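Remarks on the structure that follows.
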Amino acid sequence: MTHSAPDGRMAGTVGDDVITVHELVWVGENQRPKCGDGDPDDEVVEWLRPVNCIDCLGE
(Lines of atoms letter the chains of each structure in order from A; the text may use other names.)
(Lines give C-alpha, C1' and ligand atoms only; values in the text may rest on other atoms or scores of the structure.)
Protein backbone atom coordinates (compact mmCIF):
# COMPACT_ATOMS: atom_id res chain seq x y z
CA MET A 7 0.00 0.00 0.00
CA THR A 8 1.31 3.46 -0.89
CA HIS A 9 0.79 6.43 1.41
CA SER A 10 1.47 10.12 1.01
CA ALA A 11 3.22 12.30 3.57
CA PRO A 12 1.47 15.51 4.70
CA ASP A 13 3.06 17.40 1.78
CA GLY A 14 1.74 14.86 -0.77
CA ARG A 15 5.07 13.12 -1.44
CA MET A 16 5.70 9.42 -0.90
CA ALA A 17 8.04 9.48 2.08
CA GLY A 18 10.06 6.91 3.96
CA THR A 19 13.26 5.83 5.61
CA VAL A 20 16.02 3.58 4.32
CA GLY A 21 17.92 0.91 6.22
CA ASP A 22 18.78 1.63 9.86
CA ASP A 23 18.41 5.44 9.58
CA VAL A 24 14.89 6.17 10.87
CA ILE A 25 15.57 9.91 11.31
CA THR A 26 16.16 10.95 7.71
CA VAL A 27 12.89 10.85 5.75
CA HIS A 28 13.40 10.64 1.99
CA GLU A 29 11.10 11.33 -0.90
CA LEU A 30 10.43 7.92 -2.42
CA VAL A 31 10.22 7.22 -6.14
CA TRP A 32 9.42 4.03 -7.99
CA VAL A 33 12.38 2.21 -9.53
CA GLY A 34 10.87 -0.74 -11.33
CA GLU A 35 8.68 -2.46 -8.74
CA ASN A 36 10.55 -1.01 -5.72
CA GLN A 37 10.44 2.29 -3.90
CA ARG A 38 13.83 3.96 -3.48
CA PRO A 39 14.97 7.36 -2.15
CA LYS A 40 14.92 10.10 -4.78
CA CYS A 41 18.46 11.13 -3.75
CA GLY A 42 19.82 7.59 -4.25
CA ASP A 43 20.76 7.07 -0.58
CA GLY A 44 21.17 3.58 0.84
CA ASP A 45 22.27 0.27 -0.59
CA PRO A 46 20.03 -1.54 -3.08
CA ASP A 47 19.28 -4.25 -0.49
CA ASP A 48 18.38 -1.76 2.31
CA GLU A 49 14.77 -1.99 3.42
CA VAL A 50 12.59 1.01 2.56
CA VAL A 51 9.77 1.78 5.00
CA GLU A 52 7.03 4.27 4.14
CA TRP A 53 6.11 6.90 6.72
CA LEU A 54 3.40 9.53 6.92
CA ARG A 55 6.01 12.14 7.88
CA PRO A 56 7.30 15.17 5.99
CA VAL A 57 10.40 14.65 3.86
CA ASN A 58 13.45 16.13 5.63
CA CYS A 59 16.31 14.84 3.44
CA ILE A 60 18.08 17.94 2.08
CA ASP A 61 19.17 16.10 -1.09
CA CYS A 62 15.63 14.86 -1.86
CA LEU A 63 14.16 18.31 -1.26
CA GLY A 64 16.81 20.03 -3.37
CA GLU A 65 16.26 18.03 -6.56
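The numbers in the sequence shown follow the numbering used here, run straight up by one, and end at 65. We put the beta carbon where it would ideally sit given N, CA and C, even for glycine. Given the structure is predicted, the values throughout are model-derived calculations rather than measurements.
Assuming Arg38 and Glu29 form a contact by the criterion Cβ under 8 angstroms, report the distance between their Cβ atoms to the nearest whole angstrom.
Not a contact, Cβ separation roughly 10 angstroms.
What beta strand (DSSP E) runs, 3 residues minimum, are completely inside the region 12-42?
Complete beta strand (DSSP E) runs here, min 3: 17-20, 23-33 and 36-39.
Applying the criterion that 16 or more other CB atoms from any shown protein chain within 10 Å of the CB defines a buried residue, is Gly42 buried or exposed?
Gly42 is exposed by the Cβ-count criterion.
Taking C-beta to C-beta, are Asn58 and Val27 nearer than 9 angstroms?
Going by C-beta atoms, Asn58 is nearer than 9 angstroms to Val27.
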